[in-house]
Structure formats: structure tokens, C-alpha cells
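Take the sequence shown: its letters are residues -21 to -1, 1 to 464, numbered as in mature numbering (1 follows the signal peptide of the UniProt record, and there is no 0). Every residue gets a Cβ at the ideal spot worked out from N, C-alpha and C, and that includes glycine. These notes are about the structure you will find just below.
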Amino acid sequence: MRLSASLLLTAALVSSAFAQAPVSPDTRAAVGQLVGDIMVSGKAYDYDRQLADDIGPRLTGSDNYVHAVSWAVDQFKSLGLTNVHTEPFTMPALWEPEVAATGKILEPRLQTLHIYSIGWSPSTPEGGIKGNVIYLPQLTNEALDAQRDKLRGNIILFDLASLGEQPTITQILKSLAHLNDFAAQAILFVGGPNGSESATAFTFDGTISPIPIAQIGREDELLIKRMLEHGPVTVQFSFKNRIRPTTQVNNVIAEIPGRELPNEVVIVAGHLDSWHPATGAQDNGTGAATVIEVARAIKATGRPPRRTMRFILFGGEEQGILGSTSYVKHHLADMPSIAAVLISDTGAQPAKGWYVMGRDDEQKALTNIEPLLTGLGSDKTTTSTEFLFQTDHIAFDLLGVPTLVLWNDTDKYFKLHHKASDSFDSVVQADLNQGVATTAVTAYAIADSAQSFAPHYTHAQIEEMLKDAKQFDDYEYFKSAGIFP
């Protein structure tokens, strides 16, 4: 990160007071026990199997999600953790697919479409939707306004190219919100290849979209675009979704009290919810399994660290990081006592190390821990300054709390991310255990250190970092919408 001179000086002075102490022999011994236990006798693989195979897809607020919450509570209690409880947050609406989508091109000729409802989309009207397709090569306000008359009563088609090169989250959400002003019947969005649903939702707050939104395959989109070069294209599609009103949904929390500094807390967390096409084994069954397994392994050492370890399984991550944001809002007074937050949410390929979101002080503090991770091959940190708005650390991060997100190899992960292929057979036990061990070692070393991990950044420092990462507009947009405190 590049801070202004005054903020850089402040950061340097504060960080010097937080220089991570060398790892003590007692900590090193406990860490060795953790690694041996996890790599040889770890339970994460079976935790993930239970989540994926026994419970299944865990759409936030669904019966399966409620089952997963109850299961997680039982796991934490069986491990002997303390203060095991749930905390509710509000989901503006619950959504589940009820009748699968069907669709076809009617004109210029009949052709079946590979089509799916987007998450948190309303059902189509009785009898479905029929209309002409209008492709939008650009989703700028100017481009939309220029086609206002064409869009009314028709079906809008757009793809990633329509969003421009490297669009920000804010640009995407503003463009989608602007589409609702044109009285279109519905929206078609392009996902993966034909026959491969890539689940997502065009919501950042868990609300239902104003009009039906469907996803079609890439090959179907290309066919429609070629047809549009020669004349109008008419399509028809229908689907039915089960939508329930505002509901309270639970996060799961458990603790191992610190032996010397119980009022200082290190959080290890991940999200429990998943999408519906598959069983969510990697997104985020492996992350949830990591949280429980780290708790099990640390408890099994018989030597709790200096600081309290708090383990949290969040819900609503896929619909806008709702569970974690609600947690932060309801625990604002506790934020100064949070020493660090560690998140697992990028699958179970081998861990490389940690995302530090541009915080040089965190990177420096990790240097004393890195020798403990060298044997695991996960002793690196990223140099990216991106804030990663897409997972549960972000509400903590924006308040200046030191956060780390596990950095896994993702070359295979995004091929199954949100897809039907995200199943338990994609998980390699040794790779999962390596990521769990990385998380356990890092969390324990931070929690057991004689000195704090890193300072809490001021609002001014966070704003400067956001501007440096070209994400300040994203932050302002979400904050104005009431998403972040």
C-alpha cells in the first residue's frame, strides 16, 4: 500500500509497537502437536463429507441450512468448546428453486435453450415470459438510455463483455439497478458453457430482484447474437421459485477461552451456506470444516493460547456477506478487542499462505510465523492491495481490524466454483489437511504471542488504502446502502 507521508509515519510508529515477538518454545511445541494431529488424524475431511453428502446444498435459510447449523452446534459441543451458541441475522427473503427453468427460441426457428433461474430471482408469471431479445453490448447509463424505447416490454441480454474491462462491483450493481428503470420483462445473463449452471445472485442485500433473471449457456448466447445480426429473435422461458418473507437465520459461534488474555480474541471463521446446483463441498464446505477442525485440534493440545479463540460459521455469505456484516454491526463495541480475523473460503487446493489486503505491517508480523509454515509449503503472503469484497473478512477489515484470508491455489477451484461439480469427490484429503494446518498454526501463533499481531488501522488509513486499491467507490456505495457500518 502507499500511504501519505503523515499516515505512513503514524503507521510505522504504531507498527513498531506491535512487532511480532519470536515464537516461544512452548508455542512451537504446541504448533508441532497441532500439525502432527491434523496431518495424521485430522477430521476435516469427514466434517466436509458430512456437510456435502449427508446434509447437502445449504442455501441460506433453507431446511438444509438449518440442519447444518444444528449439526455445527453439536460438533462444537462434542469437542468441549465453551459459549457454543447461535446468533441471528435478518435475511430479507429466502429463496429456493421449485420448478426448473425451461426455455426456447421461437423465432427465427425453434431451438431449446440451456437456461436456469438466477438466485433470488422472482418466478416468471403464469405461462412464462415471451419477448424479443435486445442485446446490450454496453451497460453504461448512456448506452441504456439510448435504447430506452427498444427495451420496454422486451428481454434484455447481456454478458461479461457488456460490463467492460475489469468492472468494479459498484459499476456492476449500478448498471443492474439501472436496468430496472426500463420496464423490460426480464433479463438474460450469460453464464458458463451450455448445460453448466454457474449459480449466482444479483443482490448485495438478500432482496429479491424486481424482474425475473435467467442464465443461459455461452453457446446459446452466441447463437442468439448471430441470429440478431439477421433479424429479430423471440424467446420464451419459465421457472418457479419458492420465496419466503423476511426471516431470522443463524450464525454459529464457539470459543476456547484464553489462559492469560481472555478478553482479547482471535477469530477463525468461514461461511456455512452454499449454492444449490451442488453440495458445496469446496465452497465452502472445506472452509467450514477447517473452522471446526482447527477448534478440535487446538482443544486437543490441552494448552489453550494466551488469547481467546473464537470460531464462527457465518450464513448469508453468498447473498452479500450478510451474516458476517450483521455480526460486526451487533458487536461494534467488541471490535477493539479482536486481535485478528482469519478466514477460509477458497477451496481445498494446497494453501500458499495468506492474503493480507495490502497491509505491510501484517506481512512483517507474519515473518516470525513463516518458519512454522515452511514445512507445509504455505509461508507466503500476497502483495495484492485488493480488499476482496467477496468474503467474510471485509466488514472487519473496513473497521481496521487485522484480517487474513487463506490463499489457496485456485486453478481448479474456479472450474467448479458455484457449479454442479462442486462435490465431495473433488476434495483431496492431504490438500485439505495442509490448509487446515496452515490455519491452525497461524491462528495459534497469533493467539499465543506475547505481543499483539498488528494494530487496528484508523478510518483515515483504511480510506487511503481503499483509494490506493481503487475500491473507495465500492466502499462508499455499500456504505450508503447500509451494508457496512
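From this set, the options, which residue's C-alpha is nearest residue i's C-alpha?
| i | options | result |
| --- | --- | --- |
| L395 | N387, S405, T69 and S41 | S405 |
| R238 | Y24, M18, V48 and D427 | D427 |
| P315 | Q413, Y26, I348 and F375 | F375 |
| E66 | D390, S303, D53 and L240 | S303 |
| Q408 | E455, A260 and L202 | A260 |
| L142 | N120, E77 and T346 | N120 |
| F432 | I317, K446 and S96 | I317 |
| A125 | Y95, P104 and L158 | L158 |
| S402 | L30, Q12 and M18 | L30 |
| L130 | I108, S102, D160 and T149 | D160 |
| V169 | P350, F451, L115 and A399 | L115 |
| S20 | A448, F451, Q413 and I425 | Q413 |
| D388 | F368, T361, H397 and F366 | T361 |
| S57 | R88, T182 and I271 | I271 |
| T179 | W99, P224, K219 and L139 | W99 |
| T6 | I277, H255 and V307 | I277 |
| P224 | P71, A51, P191 and S400 | P71 |
| E75 | P101, P87, L89 and T61 | P101 |
| P104 | T213, N220, V2 and P1 | N220 |
| R13 | Q450, D447 and V415 | In the sequence on display, residue 13 carries Leu and not Arg. Per the Cα distances, V415. |
| E243 | G295, H438, Q430 and P350 | Q430 |
| E200 | F290, G132, Q90 and D128 | Q90 |
| G295 | S41, A122 and G171 | S41 |
| D340 | R127, Q440 and Q150 | Q440 |
For residue i versus residue j, is the C-beta distance shorter than 9 Å?
| i | j | result |
| --- | --- | --- |
| R205 | N173 | no |
| Y423 | M288 | yes |
| A268 | A23 | yes |
| A352 | T417 | Before going further, note that residue 352 is Leu rather than Ala in the sequence given. Yes. |
| P189 | N111 | no |
| T258 | D32 | yes |
| R286 | V245 | yes |
| Y392 | D184 | no |
| V48 | N229 | yes |
| A9 | P284 | yes |
| P464 | P381 | no |
| residue 487 | L38 | Since the first residue shown for the chain is -21 and the last is 464, residue 487 is missing from the structure and cannot be characterised. |
| A330 | L355 | yes |
| Y334 | L411 | no |
| P256 | K458 | no |
| I97 | F137 | no |
| G82 | I235 | no |
| D27 | A248 | no |
| R338 | Y454 | no |
| T226 | E86 | no |
By DSSP's criteria, residue i is part of a beta bridge. Which residues make up the other side?
| i | result |
| --- | --- |
| E200 | E200 is not bridged to any residue. |
| L321 | V247 and L383 |
| H64 | I232 |
| V78 | K219 |
| V48 | According to DSSP, V48 bridges with nothing at all. |
| W333 | T360 and L385 |
| V112 | I134 |
| K83 | T91 and Q215 |
| L73 | R223 |
| L240 | R286 |
| S96 | A193 |
Whole-angstrom Cβ separation of residue i and residue j, contact assumed at under 8 Å?
| i | j | result |
| --- | --- | --- |
| I232 | H64 | 6 Å |
| I300 | T186 | Incorrect: roughly 14 Å between the Cβ atoms, too far for contact. |
| Y456 | L152 | 7 Å |
| L251 | L292 | 4 Å |
| I84 | I108 | About 13 Å separates the two Cβ atoms, so there is no contact after all. |
| S253 | F68 | Actually they are not in contact, since the Cβ atoms of S253 and F68 sit about 17 Å apart, beyond 8 Å. |
| F216 | A319 | At roughly 47 Å, the Cβ-Cβ gap does not stay under 8 Å, so F216 and A319 are not in contact. |
| Y95 | E176 | 5 Å |
| A274 | F55 | 7 Å |
| L155 | F181 | 5 Å |
| L378 | V307 | 7 Å |
| G264 | D324 | Actually they are not in contact, since the Cβ atoms of G264 and D324 sit about 11 Å apart, beyond 8 Å. |
| V2 | I348 | 7 Å |
Does any residue of chain C bring its CB to less than 9 Å from the CB of residue i?
| i | result |
| --- | --- |
| S177 | This model lacks chain C altogether; it includes just one protein chain. |
Where in the segment 150 to 235 do unbroken runs of the beta strand (DSSP E), each at least 3 residues long, occur, reported from the N-terminal end onward?
Secondary structure remark: continuous beta strand (DSSP E) runs of at least 3 residues inside the segment 150 to 235, in chain order: 165 to 169, 192 to 195, 213 to 223 and 226 to 235.
Can you give, in chain order, each stretch of the beta strand (DSSP E) that sits fully within the segment 278 to 327 and has at least 3 residues?
286 to 293 and 317 to 322
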